[in-house]
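Numbering (full-length UniProt numbering), first residue to last: 1 to 117.
Working notes, structure below.
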């Protein structure tokens with residue numbers, strides 16, 4: 001799986017996540033942000049989704065989990081998460097923090113969860 005060490009824009013709200021062409025449909029990669037966050041970036045049916053790469057149940061990495069349509073399965077315990085809203089399908093109060101993905105001039109940028117409106 002591709003890995004990207006990223007940088008922040010000067011306003012510290014957007015993380016560089018690479019070129020659109022480098023993440024084809026069905027592709028995924030990990031983005032390592034300053035401050036220690038690990039973000040899972042997915043291209044599902046031509047749409048980009050990004051989330052914290054940590055299951056809220058026990059902290060397991062979600063990077064190798066199966067993604068069927070818009071549901072990502074935790075490989076450690078089988079919990080399923082809707083990648084559009086971050087909610088666990090079995091326990092909606094359990095959520096994965098999501099990052100908004102922006103496309104600008106062929107590049108992908110991630111907006112930190114605390115800045116998503």
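No residue lacks a Cβ here, since even glycine has one placed at the ideal position from N, Cα and C.
Segment limits, beta strand (DSSP E) that includes residue i
i, result
"residue 107", "107-111"
"residue 44", "38-44"
"residue 51", "47-52"
"residue 80", "80-82"
"residue 73", "71-73"
"residue 171", "The structure shown has nothing for residue 171, since the chain only spans 1 to 117."
"residue 62", "Run containing residue 62: none; DSSP gives neither H nor E here."
Contact set for residue i: own chain, Cβ-Cβ below 7 Å, skip 5 residues either direction
i, result
"residue 70", "44, 82, 83 and 84"
"residue 76", "55, 58 and 60"
"residue 91", "none"
Contacts around residue i, its chain only, beta-carbon distance under 8 Å, and the 5 residues preceding and following it disregarded
i, result
"residue 97", "51, 52, 86 and 113"
Burial state of residue i (16 or more Cβ within 10 Å)
i, result
"residue 121", "In the structure as shown, the chain begins at 1 and stops at 117. Residue 121 is therefore absent and cannot be evaluated."
"residue 65", "buried"
"residue 104", "exposed"
"residue 15", "buried"
"residue 79", "buried"
"residue 102", "exposed"
"residue 17", "buried"
"residue 33", "buried"
Neighbourhood of residue i by C-beta, 6 Å cutoff - its chain only, sequence neighbours within 5 removed
i, result
"residue 95", "86 and 87"
"residue 7", "Legend: pLDDT at residue 7 = 48, less than 50; position of this residue unreliable, value from coordinates given subsequently. Once the five neighbours on either side are set aside, the close Cβ partners of residue 7 are 16."
"residue 73", "65, 66 and 80"
"residue 27", "43"
Bridge partner(s) assigned by DSSP for residue i
i, result
"residue 19", "107"
"residue 143", "Because the chain is modelled from 1 through 117, residue 143 falls outside the range shown and cannot be assessed."
"residue 14", "111"
"residue 88", "81"
"residue 94", "Note: residue 94 sits in no beta bridge, so no partner."
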